[in-house]
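Residue numbers (our numbering): 7 to 221. Glycine residues also receive a C-beta, built at the ideal position from the N, C-alpha and C atoms. Predicted model only: the values in this text are computed from it and were never measured. One structure below.
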């Protein structure tokens with residue numbers, strides 16, 4: 007029997023965040039997530055979806071002739087067969103990224119994949135789920151992401167940046183304002199005032215398509 011994954015959607019769009027923001031990218035959105043962050047913009051991927059073989063997924067990805075592929079969710083690593091999918095996407099020659107909550111072990115992910123690892127802030131209501139063991143596994147091919155809901159979240163993120171030397175472990179440290187909780191300008195002012203070694207990101211897809219599924 008062929009390996010399968012439960013998939014919510016596969017679509018071609020612009021990457022809205024991370025170091026490849028603005029670049030045409032195929033997104034493979036897996037179904038299911040063990041977390042319930044209060045600002046989640048993909049709750050429609052918590053359940054449902056369609057069971058598909060890896061070969062079928064790879065065939066659809068190839069039909070777009072992409073350079074970049076992002077495996078996202080939900081939480082992709084909640085499904086064990088995400089690991090072979092990521093490897094096969096790398097083998098096919100794509101530049102591959104993985105968006106993961108940071109609550110699950112990233113050690114088995116192919117090193118060619120850029121792992122975008124969240125550190126959940128207190129404002130997410132899921133900070134207790136952070137798997138800090140993942141920090142030791144980070145390389146300069148990886149990215150660490152904080153979604154900031156308040157000044158308290160920002161101060162917490164700065165403390166983690168300093169405590170773990172995140173800018174020396176990962177290629178990018180990304181700070182995003184929670185879209186409905188904090189203005190981008192306010193977060194930008196804090197980052198500049200503190201001269202932080204981080205990148206502010208604004209989630210381009212929210213401004214272009216207002217989080218429509220498949221965009």
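So, helix, strand or coil for residue 208, using DSSP? The count along the chain shown starts at 1 and reaches residue 208 at position 202. Coil.
Quick one: Cα of residue 133 to Cα of residue 126, how far? Stepping through the chain shown from its first residue, residue 133 is reached at position 127. Stepping through the chain shown from its first residue, residue 126 is reached at position 120. Cα-Cα distance, rounded: 5 Å.
Mark residue 124 as exposed unless 16 or more other C-beta atoms lie within 10 angstroms of its C-beta, in which case mark it buried. Here residue 124 refers to the residue found at position 118 when the chain shown is read from its first residue. Buried: at least 16 other Cβ atoms inside 10 Å.
Considering only DSSP beta bridges, list what residue 150 is partnered with. Locating residue 150 in the chain shown gives position 144, counting from the first residue. Residue 150 is bridged to 123, 179.
When 153, 8, 185 are compared against residue 63, the one with the closest alpha-carbon: As a position in the chain shown, residue 63 is number 57, starting the count at 1. Checking every option, the nearest Cα to that of residue 63 belongs to 8.
Please work out which residues of its chain come closer than 8 Å, Cβ to Cβ, to residue 55, disregarding the five sequence neighbours upstream and downstream, and give them in chain order. The sequence position of residue 55 within the chain shown is 49, counting from 1. Hits under 8 Å: 12, 13, 14, 36, 37, 38.
For residue 63, name the three-state secondary structure that DSSP assigns. Translated into the one-based positions of the chain shown, residue 63 becomes position 57. Three-state DSSP puts residue 63 in a helix.
Find the nearest neighbour of residue 107 within the set 90, 162, 80, judged by alpha-carbon distance. Along the chain shown, read from residue 1 onward, the residue named residue 107 stands at position 101. With distances taken between Cα atoms, residue 107 lies closest to 80.
Residues of its chain near residue 57, where Cβ-Cβ distance is below 6 Å and the 5 sequence neighbours each way are ignored: Looking up residue 57 in the chain shown gives position 51. Around residue 57: 10, 12.
Inspect the beta-carbon positions of residue 114 and residue 89 and report whether they are closer than 8 Å. Translated into positions along the chain shown, residue 114 becomes position 108. Translated into positions along the chain shown, residue 89 becomes position 83. Contact: yes.
For residue 168, tell me which candidate among 71, 151, 129, 203 has the shortest Cα-Cα distance. Residue 168 sits at position 162 when you count from the first residue of the chain shown. Among 71, 151, 129, 203, the Cα nearest to that of residue 168 belongs to 203.
Since residue 87 and residue 60 are thought to touch, with beta carbons under 8 Å apart, how far apart are those beta carbons, to the nearest angstrom? What you label residue 87 is simply residue 81 of the chain shown in a count that begins at 1. What you label residue 60 is simply residue 54 of the chain shown in a count that begins at 1. Residue 87 to residue 60, Cβ: 7 Å. Contact.
For a quick check, are the C-beta atoms of residue 184 and residue 164 less than 8 Å apart? Residue mapping note: residue 184 aligns to position 178 of the chain shown, counting from 1. Residue mapping note: residue 164 aligns to position 158 of the chain shown, counting from 1. Going by C-beta atoms, residue 184 is not nearer than 8 Å to residue 164.
According to DSSP, is residue 158 helix, strand or coil? Indexing the chain shown from 1 puts residue 158 at position 152. Residue 158 falls in the helix class under three-state DSSP.
When you compare the CB positions of residue 72 and residue 32, do they come within less than 8 Å of one another, or not? Within the chain shown, residue 72 is the residue found at index 66, counting from 1. Within the chain shown, residue 32 is the residue found at index 26, counting from 1. Yes. Within cutoff.
Grouping DSSP H, G and I as helix and E and B as strand, with all else coil, what is residue 45? Indexing the chain shown from 1 puts residue 45 at position 39. The answer is coil: DSSP assigns residue 45 none of H, G, I, E or B.
Would residue 75 and residue 122 qualify as a contact pair, given that the criterion is a beta-carbon distance under 8 Å? Stepping through the chain shown from its first residue, residue 75 is reached at position 69. Stepping through the chain shown from its first residue, residue 122 is reached at position 116. Going by C-beta atoms, residue 75 is not nearer than 8 Å to residue 122.
List the endpoints of the continuous alpha helix (DSSP H) containing residue 30. For the purposes of this step, residue 30 is identified with residue 24 of the chain shown, where counting begins at 1. First-last for residue 30: 30 to 36, but that is the beta strand (DSSP E), not the alpha helix (DSSP H).
Give me the Cα-Cα distance between residue 205 and residue 178, rounded to the nearest whole angstrom. Position 199 of the chain shown, counted from the start, is the residue given in the question as residue 205. Position 172 of the chain shown, counted from the start, is the residue given in the question as residue 178. Cα to Cα, residue 205 sits roughly 7 Å from residue 178.
Are residue 191 and residue 144 touching if we call contact CB-CB under 8 Å? Taking the first residue of the chain shown as 1, we reach residue 191 at position 185. Taking the first residue of the chain shown as 1, we reach residue 144 at position 138. Not a contact, by the Cβ cut-off of 8 Å.
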